[in-house]
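Trainee: Provided herewith is a single structure, encoded as structure tokens, for subsequent inquiry.
Residue numbers (my numbering): 93 to 529.
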């Protein structure tokens, strides 16, 4: 091997990683098992990473990933849907390999700052393209089908809802929520970018926020939470009232959005009348006119349960069947098909996912798998916290990544975030950066 070959291999691995991140939003492959073009690229990235001859030693941060995989595998014991379970396990194994690749590259070749800038940049570009698609729709009435869909929404009506080449609007809004603190870091961190370039990051952040709004996704809560935390950190308690108001507003938004995911109010009728059957009260403080009776207000509320809530009920019932090990990885659709045949959900919901990281994990892998998931998140966030406390040039970047992860975690009760590839990239980047330090 010549002297320049190792450097070439490193550059090739870095280029493939950049290509992987750029392809994250593209989900138009049409390949089986939901394989995307980014996954087709992965074997080359894996082989090139191995060719860099990284030094990698297993640590407790990596053990939690193995425990997570083991708990998924354990849930398959005694299940009837072994084939579908193994397919789902293979997908989890692939994400674990992606984590390992990111650990090795960040530990040796790719700085945490570069990786975070790539993520934020891709999010800004995707958001800008999406906002242009929104403008085209509302100016000309022409919907760009590859970036969004016109659909009726509760309380809103017909709406051009963005998904930005991701599989769903929720995938897009969660990616934007994750990238928001990374973009804020580029905008506000001294020395992160040239002063002349900050205006572009400001425009990119504005595009991210606008695009997130037009997803009409509940994941906007995570984005607001990430922005609130990031700005509070940047202001360093200089605007306590504004920060307090933002925190209260974020909590209120979280509550309201989750209430909207339970029921859709169809009609509200308010009527006023008088009740002649009531006698005068025993106490002298209330005036009662016996000729007309006590004033009465009647409220009639007509509603439908939202699909998100019904799927959560099905997941909870499945968990109660086998609380320790769960019904088996990849077996949730057996429950939805049964519920559809019983009339609990409409036929189009026959193969819907639970739309909840936690209830889905509880249903399929039980208490064991859920505890493993909690451990995984705790250890990764604890790793980021340790880097922030230690200080140094990577502290702010580690904090921004942690805030991005927390933003997705805020949304996790209503979406399965563990299939998001960028989550595993962030886990691996934090782990690799800790080795590099």
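Ideal Cβ positions, reconstructed from N, Cα and C, are used throughout, including at glycine.
(1) Label residue 278 either buried or exposed according to how many other C-beta atoms from any shown protein chain fall within 10 Å of its C-beta, with 16 as the threshold for buried.
(2) Enumerated in chain order, which unbroken segments of the beta strand (DSSP E) with a length of 3 residues or greater are wholly contained in the region 247-319?
(3) Let's test the definition: count the other Cβ atoms within 10 Å of the Cβ of residue 327 and tell me whether it reaches 16, buried, or not, exposed.
(4) For the putative contact between residue 250 and residue 242, defined by C-beta atoms under 8 angstroms, what is the C-beta separation to the nearest angstrom?
(5) Look at the alpha carbon of residue 516 and the alpha carbon of residue 391, and state the distance between them as a whole number of angstroms.
(6) Helix, strand or coil: how does DSSP classify residue 93 here?
(7) Skipping 5 residues on each side, what residues in its chain have a beta carbon closer than 7 angstroms to that of residue 445?
(8) Using the C-alpha atoms, what's the distance from residue 395 back to residue 237?
(9) Might you give, ordered along the chain, the residues of its own chain that have their beta carbon closer than 8 angstroms to the beta carbon of residue 133, omitting 5 neighbours on each side?
(10) Where does the unbroken alpha helix (DSSP H) through residue 359 begin, and where does it stop?
(11) Quick check on the DSSP output: what are the complete alpha helix (DSSP H) runs of length 4 or more inside the region 109-186, in order along the chain?
(12) Determine whether the beta carbon atoms of residue 521 and residue 207 lie at a separation below 8 angstroms.
(13) With respect to the beta strand (DSSP E) encompassing residue 486, which residues constitute its N-terminal and C-terminal limits?
(14) Check residue 372 in the structure and name its three-state DSSP category.
(15) Go ahead and label residue 193 buried or exposed: buried means 16 or more other beta carbons lie within 10 angstroms of its beta carbon, across all protein chains shown.
(16) List the endpoints of the continuous alpha helix (DSSP H) containing residue 201.
(17) Along the chain, where does the alpha helix (DSSP H) containing residue 400 start, and where does it finish?
(18) How is the beta strand (DSSP E) around residue 343 delimited, first residue to last?
(19) By alpha-carbon positions, which one of 400, 331, 362 ends up nearest to residue 355?
(20) Can you give the beta carbon distance from residue 261 to residue 309, rounded, assuming they're within the 8 angstroms contact cut?
(21) Since I believe residue 512 is in contact with residue 500 (beta carbons under 8 angstroms), could you give me their beta-carbon distance rounded to a whole number of angstroms?
(22) Identify, in the order they occur along the chain, each residue of the same chain with its Cβ nearer than 6 angstroms to the Cβ of residue 93, setting aside the five sequence neighbours on each side.
(23) Got a sec? Which residues, its chain only, sit under 8 angstroms from residue 413 by beta carbon, not counting five neighbours each side?
(24) Any idea what DSSP makes of residue 378, helix, strand or coil?
(25) Which value, in whole angstroms, describes the spacing of the CA atoms of residue 165 and residue 335?
(26) With a 10 Å radius around its C-beta and 16 neighbouring C-beta atoms as the bar for buried, classify residue 265 as buried or exposed.
(27) Residue 407 and residue 455 - do their beta-carbons sit closer together than 8 angstroms?
(28) Where DSSP assigns a beta bridge to residue 387, which residues make up the other side?
(29) What's the call for residue 172, buried or exposed, on a 16-neighbour Cβ count within 10 Å?
(30) Let me check understanding here. Comparing Cα to Cα, which of 169, 345, 475, 375 lies closest to residue 497?
(31) Report the three-state DSSP secondary structure of residue 396 (helix, strand or coil).
(32) For residue 448, which option in 255, 263, 485 has the closest C-alpha, if you only look at C-alpha atoms?
(33) Closest by CA to residue 322, which one among 291, 271, 427, 361?
Mentor: Taking the geometry as given:
(1) Buried.
(2) Runs of the beta strand (DSSP E) inside the region 247-319: 249-254.
(3) Counting the other Cβ atoms within 10 Å of the Cβ of residue 327 gives fewer than 16, which makes it exposed.
(4) With a Cβ gap of about 6 angstroms, residue 250 and residue 242 count as contacting.
(5) Between residue 516 and residue 391, the C-alpha separation is close to 49 angstroms.
(6) In this prediction, residue 93 scores a pLDDT of 43, lower than 50, which makes its location untrustworthy; the coordinate-derived value is nonetheless stated afterwards. In the three-state DSSP reduction, residue 93 falls in the coil class, being neither helix nor strand.
(7) Same-chain partners within the cutoff: 424, 452, 508.
(8) The straight-line gap from Cα to Cα measures roughly 31 angstroms.
(9) Setting aside the 5 residues that flank it on each side, residue 133 is surrounded in the same chain by 108, 111, 112, 115, each with a C-beta closer than 8 angstroms to its C-beta; the list follows chain order.
(10) No alpha helix (DSSP H) contains residue 359, which is instead part of the beta strand (DSSP E) from 355-367.
(11) Here the runs fully enclosed are 129-143, 152-166.
(12) In contact: residue 521 and residue 207 (Cβ atoms closer than 8 angstroms).
(13) Note, residue 486: premise wrong, no beta strand (DSSP E); not H, not E.
(14) Correct three-state label for residue 372: coil.
(15) Residue 193 comes out buried.
(16) Neither: residue 201 is in no alpha helix (DSSP H) and is coded neither H nor E.
(17) In the DSSP assignment, residue 400 falls within the unbroken alpha helix (DSSP H) covering 399-413.
(18) Under the DSSP assignment, residue 343 falls outside any beta strand (DSSP E), being part of the alpha helix (DSSP H) whose first and last residues are 332-352.
(19) In terms of Cα proximity to residue 355, the closest of 400, 331, 362 is 400.
(20) So it is a contact: roughly 5 angstroms between Cβ atoms.
(21) Here residue 500 really is in contact with residue 512; their C-beta atoms are around 7 angstroms apart, less than 8 angstroms.
(22) The pLDDT assigned to residue 93 is 43, lower than 50, so where the model puts this residue is not dependable; a value taken from the coordinates is nonetheless given after this. Around residue 93: no qualifying Cβ.
(23) Same-chain partners within the cutoff: 419.
(24) It is coil, neither helix nor strand.
(25) Approximately 44 angstroms, taken between the alpha carbons.
(26) Answer is buried; the Cβ neighbour count reaches 16.
(27) In this structure, residue 455 sits near residue 407, with a CB-CB distance shorter than 8 angstroms.
(28) Looking at the DSSP assignment, residue 387 forms a beta bridge with 366.
(29) Classification of residue 172: exposed, given that the 10 Å Cβ count is below 16.
(30) Per the Cα distances, 475.
(31) Correct three-state label for residue 396: strand.
(32) Minimum Cα distance to residue 448 is reached at 263.
(33) Answer by Cα proximity: 271.
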